[in-house]
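Chemist:
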Amino acid sequence: MGDFPLAARHIQNYSAATTLEPHWGYADRALPCTSDAGSCAYLDVDYAAHDRGMLYTGILWATIGGILLIWACLNQFRGSGATTIDSTIKMSSMERGRRSLAAFSRRYLLPDAMRWIFGRTTRLQVLILVVLAGYLLIFSFVGIVYNTWVTPVSGMTGVYNTRTSLGPWADRVGVLAFALMPLSVLLSSRESFLSLITGLPYQSFNFLHRWLGYIIFVQSSLHTIGWCVVELRLYQPQPSVGIAFIKQTYIVWGIVAMILLLFLFALSTPWGIKLTGYETFRKLHYILAMVFIGACWGHWEQLKCFLLPSLIFWFLDRAARLCRTALLHYQPDQAGTMGCRPAEATITQFPDPNNGDVLRLDIDHIQDPWAVGQHYYLCFPQSSIWQSHPFTPLNAPTATKGKVRHSYILRAKGGETKKLASLAANGVTNTPVILTGAYGEATTEHLTPNTNILCIAGGTGITYVLPVLLECLQQHHQQQQQQNPPPTRTTELIWMIRHTQDTAWIKDELDLLQRFQNSLNLKIRIFATRDPAPMDEKSAQISASSSPTTPQPCPCGQDAPVKKLNDDAERLSKHPDLGNLVSQFLEETVQGPTTVFASGPGGMISDLRTIVASCNSGSKVWTGQERFDVRLMCDDRLEW
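So in the UniProt record's numbering, spot 439 of the sequence shown is number 439, and the numbers just go up one at a time.
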């Protein structure tokens, strides 16, 4: 009986059984049942409830697989409908219907939902979570016969066990918790299999990963509490039954697993992350998660069909990261010898004692160009090889003699960036960098010639939107070389910075855009939120090519206008009215859809979600008014 951990509590007589009936994910059933009638009836209910629970997990995964298959097929055929290159070409009914449905969904599902619970998360993400939680809630209870059986304890007079459906129900929620583990690992992977299927970047799944972890914690807690009540209260005699229960090996592993899961839950809360620091949380999360899966294996090996894929997915993700980094850095040295070596970055420092210095890194590296919208993880070996952080290149990816330039802007507030700023302050102008990437969704497909482009950035968020404008410039040059009609789009950049001198971060790129402003139909609007102008002056001019101390004229003969906030309402809000700015842009757009590219503080992104949502109208898009088809691409790479 020692081979069957359920034998003692189920009072199954395996030695007298003529048949062992297998049950997937459970102990074999001894038949015929030689226990009392109540115990046999309970076992019938228990095994039937488990079998249905396994069926429901199969339905769950079949549903997930079906959705991913349909999604992959739609991605294959996406964009096959007619695209409005100019106003004389009309969309097909299918394409018009697709865009109308997309505009309708954005209007109602794009804004944040219950921010006090879910943080800055869209209604669509919360809706997906609610649907998943609803499925789990329903199938945690259905398919179980609820009853109570009072059965005598063998060999003891007047002592009875109380068997209820609490046991089968506790097993059900435990099975569902096991079934969700592979999905949780998939949702957390940087080398994401889900991204390959859906086209969404891995960051899109972070919200569901976090809340799926909370659901697994709740399910596991209910499973533990349920069986503690059964074994420590309902089964008799006590305390001997309870002590024997606790001593069993699979129960010890279950307790270990629950303790580890409690640590995982506590450390993943905003308070836990703030207490330990993000990097500490991330490394502890990796270690605890893998040990937790191992403890679950020790607790219930019969469900390793869910645990083994979880481990495989995790190790594949780590191996793919390592291979990607090694291939990117397998470079020849000056002597022509091949080997893995870090890239070399040139540091330019922009002092800002009040808010943290800003650093610009320029890297020339032998590699294939990435796609606009993608980002890299940067590790700085001079300070630490154990940390890497995501940064978006601010330049357009162009290969010159086999080398591609990366340019990054980062604000040194603390941690590794603060150490890097200290090196720069001590006269260090070059530093080795280990790159991993590129990751994220390419935004090039949203830059069709008739799509209007509105770029909104706050501070260093300019790195996400600037490559979009530079890509538009490259498209313009290609159109000229091919003697094709120029794009009909309207383009605008809105950049909010603290001080006018911050334009020096990207002075070369700004000068380039200004030089071709008319060709791109581009308007540049820059707002300095911490430089109040004199009361009789609403705006000031500062050269986009000027340094903080030495102003110089723009080579193109035009200055980039920087509005210094002076109005009382503007100074109170600390930033311009984005609603008015977006409305003004759309009013000037006479035709075609619009894509808003945005990067900046969380509050700005939340405001833009609400603003963009209100600008969408499915019914008007159906009637051909494409200006009400407004998409938002923000720095979390969620596509709308």
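Every residue, glycine too, gets a C-beta built ideally from N, C-alpha and C. Remember, predicted model here, so these are calculated numbers, not experimental data.
(1) By alpha-carbon positions, which one of P393, L581 and W169 ends up nearest to R52?
(2) Considering Cα atoms alone, identify which of Y235, G277 and V291 is closest to L262.
(3) Taking 9 Å as the threshold (C-beta atoms), are D635 and G603 in contact?
(4) In the DSSP output, which residue or residues are listed as bridge partners for T151?
(5) Taking the runs of the alpha helix (DSSP H) that are 4 residues or longer, which of them lie wholly in the stretch 111-136?
(6) Since I believe H209 is in contact with S184 (beta carbons under 8 Å), could you give me their beta-carbon distance rounded to a whole number of angstroms?
(7) Check P309 in the structure and name its three-state DSSP category.
(8) Note down the Cα distance separating Q625 from L454, rounded to an integer number of angstroms.
(9) Which same chain residues, not among the five before or five after L187, have their C-beta less than 8 Å away from its C-beta?
(10) Taking only the alpha-carbon atoms, compute the straight-line gap between I409 and W505 and give it to the nearest angstrom.
(11) Could you have a look at L394 and say whether DSSP puts it in helix, strand or coil?
(12) If you reduce the DSSP assignment to three classes, tell me which class D531 lands in.
(13) Let me know the secondary structure DSSP gives D364 once reduced to three states.
(14) By alpha-carbon positions, which one of L74, T529 and V241 ends up nearest to V159?
(15) Classify N430 as buried or exposed, calling it buried when 16 or more other Cβ atoms lie within 10 Å of its own Cβ.
(16) What first and last residue would you give for the beta strand (DSSP E) that runs through R405?
(17) Evaluate the contact criterion for the stretch 339-356 versus the stretch 418-432: three or more CB pairs, one atom per stretch, below 8 Å.
(18) Pick helix, strand or coil for D629, following the three-state DSSP scheme.
(19) In the DSSP output, what is C455 paired with across the bridge?
(20) Would the beta-carbon of A49 fall within 9 Å of that of S189?
(21) If you follow the alpha helix (DSSP H) that T276 is in, where does it begin and where does it stop?
(22) Who are the Cβ neighbours of H499 in its own chain at under 7 Å, not counting the five residues just before and after it?
(23) Please list, in chain order, all residues of the same chain as S519 whose beta carbon is under 7 Å from its beta carbon, the five residues on each side excluded.
(24) Rounded to whole angstroms, what is the Cα-Cα separation between A30 and P22?
(25) Please classify G440: does DSSP put it in a helix, a strand, or coil?
(26) Going by other Cβ atoms of all chains shown within 10 Å of its Cβ, with 16 needed for buried, is R106 buried or exposed?
(27) Please identify the residue among Q331, C615, T443 and K304 whose C-alpha is closest to the C-alpha of G402.
(28) May I have a chain-ordered list of the beta strand (DSSP E) segments no shorter than 3 residues that lie completely inside the stretch 197-262?
(29) If you follow the alpha helix (DSSP H) that G415 is part of, which residue opens it and which one closes it?
(30) In terms of residues, what are the limits of the alpha helix (DSSP H) holding L60?
(31) Under a three-way DSSP split, which group does Y330 fall into?
(32) In terms of residues, what are the limits of the beta strand (DSSP E) holding G373?
(33) Exposed or buried, Y278, counting other C-beta atoms within 10 Å across all chains shown (16 or more means buried)?
(34) Since L222 contacts V173 with CB under 8 Å, what's their CB separation in whole angstroms?
Modeler: Taking the definition as stated:
(1) For the residues P393, L581 and W169, the minimum Cα distance to R52 belongs to W169.
(2) Nearest C-alpha to L262: V291.
(3) Cβ distance not < 9 Å, so G603 and D635 don't count as in contact.
(4) N161, per the DSSP bridge assignment.
(5) Qualifying alpha helix (DSSP H) stretches, in chain order: 115-118.
(6) At roughly 6 Å, the Cβ-Cβ gap stays under 8 Å, so S184 and H209 are in contact.
(7) Note: P309 maps to helix in three-state DSSP.
(8) Roughly 18 Å separates the two Cα atoms.
(9) If we look at L187 and ignore the five residues flanking it on each side, its Cβ neighbours are L194, F205, N206, L208, H209 and L212.
(10) Each residue's alpha carbon lies about 8 Å from the other.
(11) Three-state result, L394: coil.
(12) It is coil, neither helix nor strand.
(13) It is a strand residue.
(14) The residue among L74, T529 and V241 with its C-alpha nearest the C-alpha of V159 is V241.
(15) Exposed, by the Cβ-count rule.
(16) Start and end: K403 to R411.
(17) Yes: the two stretches touch, three or more of their Cβ pairs being nearer than 8 Å.
(18) D629 falls in the coil class under three-state DSSP.
(19) Under DSSP, C455 takes part in a beta bridge, and its partners are L493 and F597.
(20) No, these two residues do not count as a Cβ contact at 9 Å.
(21) DSSP places T276 inside the alpha helix (DSSP H), whose first and last residues are P270 to T276.
(22) Excluding positions up to five away in sequence, the list reads A528, R530 and D531.
(23) The answer, listed in chain order, is H476.
(24) Computed Cα separation, rounded: 9 Å.
(25) In the structure shown, G440 adopts coil according to DSSP, grouped into three states.
(26) Classification for R106: buried.
(27) It is Q331.
(28) As for any beta strand (DSSP E) of minimum length 3 sitting wholly inside the stretch 197-262, there is none.
(29) According to the DSSP assignment, G415 belongs to the alpha helix (DSSP H) that extends over G415 to A425.
(30) Element bounds for L60: A37 to F77.
(31) In this structure, DSSP gives Y330 an extended state, which the three-state scheme calls strand.
(32) In the DSSP annotation of this structure, G373 is not part of any beta strand (DSSP E), being labelled neither H nor E.
(33) Result: exposed.
(34) That pair is a contact at about 5 Å.
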